[in-house]
Amino acid sequence: MNRGGEFEKHFGVPPTVVAASPGRVNLIGEHIDYLDGWVLPVAIDRHLVIEASATGNGEFEFVPIGAGFGETVRIASNGIHPREAKAERWLNYLLGVIAGYRDAGAEVPGFRAVIHADLPAGAGLSASAALETATALVVEAISGIKGNVRDRAILCQQAEHRYAGVPCGIMDQFAVGAGKAGHALLLDCRELSTKPVPLPEDLVILVADTGVKHALGDGEYRRRREQCEAALALLGAESFRDLDLPFVEANRGRLGQTLHRRARHAVSEMNRVHDFVEALASCDLETLGRLLREGHESLRDDFEVSCAELDCLVEAADAFGPARGHVGSRMTGGGFGGSTVSLVRLESADALLLHLKSAFVARFGRKPDVFVTSAVDGASLFAVESLVNP
Ligand code: GLA
4 MNRGGEFEKH FGVPPTVVAA SPGRVNLIGE HIDYLDGWVL PVAIDRHLVI EASATGNGEF
64 EFVPIGAGFG ETVRIASNGI HPREAKAERW LNYLLGVIAG YRDAGAEVPG FRAVIHADLP
124 AGAGLSASAA LETATALVVE AISGIKGNVR DRAILCQQAE HRYAGVPCGI MDQFAVGAGK
184 AGHALLLDCR ELSTKPVPLP EDLVILVADT GVKHALGDGE YRRRREQCEA ALALLGAESF
244 RDLDLPFVEA NRGRLGQTLH RRARHAVSEM NRVHDFVEAL ASCDLETLGR LLREGHESLR
304 DDFEVSCAEL DCLVEAADAF GPARGHVGSR MTGGGFGGST VSLVRLESAD ALLLHLKSAF
364 VARFGRKPDV FVTSAVDGAS LFAVESLVNP
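Here it is in structure tokens:
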């Protein structure tokens, strides 16, 4: 990752603060973070970097360089409010975070920031959570605030709710903030507690981006959330974590077809997370593969958030097969486009990568972006000069 240098190229002086946030893939536990469930994301070695310095005059200036967001923008100190225009919507992730600190009573001085990334935006890899989290670290450094991972994740999630209009769960902001190298992060989304889960050293994570830009704000994500809440109300339950599958089946009639499927996904996916963590501990590759496949089928059929491009990549990976080193694959993140995640034996990763590319090209006539990645530490400030302790 290119961690610096862009600010100096643009402004002719070095920045005083540099923050980098990784993206994430989720291994399992999809669409259950907002249902008080458990999830198992991994922070990946693709990052979004913000290099910044205070302006001294209250103004903000944001310069995105090749990060896939938009144009340079200058904003007055009193100009922190949500943006509606399509070309400006990316600003909501920054502005929502600044507003969050201000609403909590902090005096956030204006700053100029150069933003760059090797993490693709709109690929289901949490570029928005990375932008929020890196912004939060910059704001804290420039304002002299001592934050922590948990409060920062909550503030960033709120920014997404209030400014970007996406009623997301807490997984992404936690994953990019609390990731641990070589580990997945078991996050209990009700307790907000985490447990690092070591990943087997002979397996690698392969990400395949369909290039279909998901738009979580388009209403389907919100609709799924509302359907789950409606199902819970009909079941007279507070949380899916208190329910089991026989209970959901017994209430099929009361739920009706759609809500029954949504509930079945929620409960079965929660079970899969625990089974997956157990299978990781015993390196039971067959079980890991089965859980990934069942997870994908549940998202495709019961939760209806997959798409033809994601299904194609998962089917191609399954056809590659365990004998050639494929462990399992599924869509990852919110869905409706975005990426798949595969676990594959180290020595087979290159062959699977080529196989996925050619299967996708044969079907859709264009190349997906497929890359091997690894589990890294969460977001950090890694070069802060005198501003923090003036
Ligand atoms: C998006 C949201 C997360 C989570 C996933 C689905 O990434 O931001 O909170 O709900 O979708 O698991």
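Quick note: the sequence shown uses my numbering, first residue 4, plus one each step.
Don't be surprised by glycine CBs; every beta carbon is placed ideally from N, CA and C.
Rounded separation between GLY328 and PHE279 - CA only: Those two C-alpha atoms are separated by around 18 Å.
In its own chain, which residues sit with a C-beta less than 7 Å from the C-beta of GLY32, not counting the 5 before and 5 after it? Once the five neighbours on either side are set aside, the close Cβ partners of GLY32 are GLY40, TRP41, VAL42, LEU43, GLU272 and VAL276.
On the DSSP bridge assignment, give the partners of ILE31 in chain order. According to DSSP, ILE31 bridges with nothing at all.
In the DSSP assignment, what residue or residues form a beta bridge with GLY26? Note: GLY26 sits in a beta bridge opposite ILE47.
Examine the Cβ distances between the segment 362-370 and the segment 344-351 and report whether three or more of them are shorter than 8 Å. By the criterion of at least three beta-carbon pairs nearer than 8 Å, the segment 362-370 is not in contact with the segment 344-351.
From VAL20 to VAL330, what does the alpha carbon distance come to, in whole angstroms? Distance from the CA atom of VAL20 to the CA atom of VAL330, rounded to whole angstroms, is 41 Å.
Specify whether the segment 72-87 and the segment 301-313 touch according to this definition: at least 3 beta carbon pairs, one from each stretch, less than 8 Å apart. Segments in contact, no.
With respect to 7 Å, is the separation between the Cβ of MET174 and the closest non-hydrogen atom of ligand 1 below this value? At least one heavy atom of ligand 1 is nearer than 7 Å to the Cβ of MET174, so yes.
From the DSSP output, in three-state form, read off GLU62 for me. Looking at GLU62 - three-state DSSP - the assignment turns out to be coil, as it is neither helix nor strand.
Is the segment 113-129 close to the segment 185-199, with three or more CB pairs under 8 Å? Result no; under three Cβ-Cβ pairs closer than 8 Å.
Burial state of ASP205, where buried means 16 or more other Cβ atoms lie within 10 Å: ASP205 counts as exposed, since fewer than 16 other C-beta atoms from the protein chains shown sit within 10 angstroms of its C-beta.
When you measure from the CB of GLU33 to every non-hydrogen atom of ligand 1, does any distance come out below 7 Å? Using a cutoff of 7 Å, the CB of GLU33 counts as near ligand 1, since one of the ligand's heavy atoms is closer than that.
So, with DSSP's three-state summary, where would you put PHE395? Outside the modelled stretch of the chain, which goes from 4 to 393, sits residue 395, for which no answer is possible.
Helix, strand or coil at HIS329 [DSSP, three-state]: Of the three classes helix, strand and coil, the one that applies to HIS329 here is strand, per DSSP.
Cβ-Cβ separation, ALA178 to ALA322 (assumed contact under 8 Å), whole Å: Not quite, the Cβ-Cβ distance comes to about 30 Å (not below 8 Å), so this is no contact.
Beta-bridge pairing of PRO67 - partner residues as DSSP gives them: Bridge pairing for PRO67: ILE118 [DSSP].
Tell me where the beta strand (DSSP E) around PHE10 begins and ends. Boundaries around PHE10 are those of the alpha helix (DSSP H), 9-14, since no beta strand (DSSP E) includes it.
Any heavy atom of ligand 1 closer than 7 Å to the beta-carbon of TYR104? Answer for TYR104: no, Cβ out of range of ligand 1.
Sort PHE10, ALA378 and GLY7 by Cα distance to GLU207 and report the nearest one. First, the amino acid is wrong: residue 207 is Val here, not Glu. Looking at PHE10, ALA378 and GLY7, the one whose alpha-carbon comes closest to that of VAL207 is ALA378.
Here's the rule I'm using: 16 or more other beta-carbon atoms within 10 Å means buried, otherwise exposed. How should SER389 be labelled? Residue confidence is low: SER389 scores 41 on pLDDT, short of 50, so the model does not pin down where it sits. No coordinate-derived value is stated.
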